Structure formats: C-alpha cells, structure tokens
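Going by our numbering, the first residue of the sequence shown is number 45, and it counts up by one from there.
Even glycine gets a Cβ: it sits at the ideal position worked out from N, Cα and C.
Computed from a predicted structure; not experimentally measured.
Here's the structure we're looking at; comments come further down.
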Amino acid sequence: MRDFEVDDELEGGRRPSDTIVEIRTGLLRATFLFGSIALALALIITPAAKRGADYVVSTAAPQIDVMATGSIGGANRYTVRRSVLQRSGSRPCVIFSDGGSTGAC
C-alpha cells in the first residue's frame, strides 16, 4: 500500500477525473464570458450601425424640394383656376383680388 500513497503524492493528490471537471468548468465559464460579450456588443453596435446607415442614406439622397404649395411674397393675392377640360399647354386662369384676371378664364 505504501507504493500507492507515494504515487498519490507525486500527482499532488489529484485524480484524473478532477482535472477533466476543472477543464470542463473552465470551458463553460469561457463560453459564458465570450457569449455575454458578444450579446452586449450586439445590443450596442446594432442601434449605432442603424443610426450610421440612416445618416449615410440621408446625406447621399438627392436634394429634393418637398414644397408642394406656397405663395410668393407681397400683398398680391390671387386664385389659380384650371379645368380638367382645358387643352394641354393652355395657360391657367389667374384671378387677382382686385377682380382682374389673366390666362384662359
């Protein structure tokens, strides 16, 4: 029995199954560590990348004038009338606030 105890002391009193358990535990901890880092980066980088992509799209888009209606300064007020029955290319009827008109009225 003495030989068995000497061998046990040379290996530090550890059994091979203890080493395997420690390796498995270490691998599991490393997996959780890198997995949580990947998850945190995904949660942080995804919104930042979307903001960056939105900025690139907004600066790369052609400059479109989105003004649909408007008025030209001054006190002149007028009404523009155009019929769907008018020929293409004819001038619209413009009626001014003083009663005057121009175009095809």
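- By alpha-carbon distance to Ile139, the top candidate from Asp62, Thr123, Leu72 is Thr123.
- Shown here, Arg125 sits in a strand according to DSSP, grouped into three states.
- For Ser61, the secondary structure class from DSSP, reduced to helix, strand or coil, is helix.
- When the Cα atoms are used, Leu77 and Tyr99 turn out to be separated by approximately 33 Å.
- Taken through DSSP and simplified to helix, strand or coil, Ser141 comes out as coil.
- Taking C-alpha positions only, Ala74 is separated from Lys94 by approximately 30 Å.
- By alpha-carbon distance to Pro136, the top candidate from Arg125, Leu87, Ser80 is Arg125.
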